[in-house]
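Each residue of the sequence shown is one higher than the one before, counting from 1479 in our numbering. Beneath this line is the structure, given in structure tokens, with notes to follow.
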Amino acid sequence: MDEELVEANTVNNNIVTMFIFLGIVALLLSATGLFTLVSLNIIKKMTESGIRKVLGASVTTISKVVNTEFVIILLIASFLGGMAGAWMSEMLMSSIWDYYQKVSIITIVVSACILFFTSFLSIGYKTFKTATLNPAHVLRDE
């Protein structure tokens, strides 16, 4: 009985380690993709942000113009992803074990907070760098 308990714990620990690794890889890939999307969006709106800067817009105003659509997308993604992730993990766990710890709302909220934190880091850096550019350099190329 002890040997089977040790084997079950080993299998559980391996599954947890695999899910943590896959979660970290997915988070890094999504942060890289989000950074790329923000960079492309900023390139499209470079002239607009330069004109706004010349007319006296603050860094927060320029950041709001660039980031509004991404915040909406992240809110929808965190809600739908949290619900779909809870449903799929419930299906997976029920197919493997008879008794397991169910996904709680705290787990979904913590994962959404991690998503928003990483998104803030990747978006915030690029947006701040763009908002603090000299508008003469931006508008000179147009």
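Backbone N, C-alpha and C fix where the C-beta goes; we use that ideal spot for every residue, glycine too.
Inter-residue Cα distance where the pair is residue i and residue j
i	j	result
residue 1489	residue 1574	11 Å
residue 1618	residue 1526	13 Å
residue 1589	residue 1509	14 Å
residue 1493	residue 1556	24 Å
residue 1608	residue 1518	12 Å
residue 1592	residue 1552	12 Å
residue 1480	residue 1595	42 Å
residue 1612	residue 1544	17 Å
residue 1535	residue 1542	11 Å
residue 1507	residue 1501	10 Å
residue 1540	residue 1569	44 Å
residue 1561	residue 1554	11 Å
residue 1547	residue 1576	43 Å
residue 1572	residue 1511	32 Å
residue 1498	residue 1482	24 Å
Start-to-end residues for the alpha helix (DSSP H) that takes in residue i
i	result
residue 1480	1480-1522
residue 1545	1537-1574
residue 1616	1613-1618
Neighbour-count burial assignment, residue i, 16 or more Cβ in a 10 Å radius
i	result
residue 1516	buried
residue 1602	exposed
residue 1522	exposed
residue 1580	exposed
residue 1550	exposed
residue 1528	buried
Residue i in three-state terms, based on DSSP
i	result
residue 1631	Given that the chain is displayed from residue 1479 to residue 1620, the structure contains no residue 1631 and the question cannot be resolved.
residue 1580	coil
residue 1533	coil
residue 1605	helix
residue 1525	helix
residue 1610	coil
Residue closest to residue i, alpha-carbon to alpha-carbon, out of the options
i	options	result
residue 1513	1599, 1529, 1560 and 1611	1599
residue 1586	1485, 1558, 1616 and 1482	1558
residue 1606	1486, 1572, 1531 and 1485	1531
residue 1604	1537, 1550 and 1565	1537
Residue i CB to nearest heavy atom of the ligand ATP below 7 Å
i	result
residue 1592	Absence of the ligand ATP from the depicted structure is noted, as is the absence of any ligand whatsoever, leaving it without description.
Neighbour flag for residue i against chain D, beta carbons, 8 Å
i	result
residue 1539	Absent from the structure is chain D; it holds one protein chain and no more.
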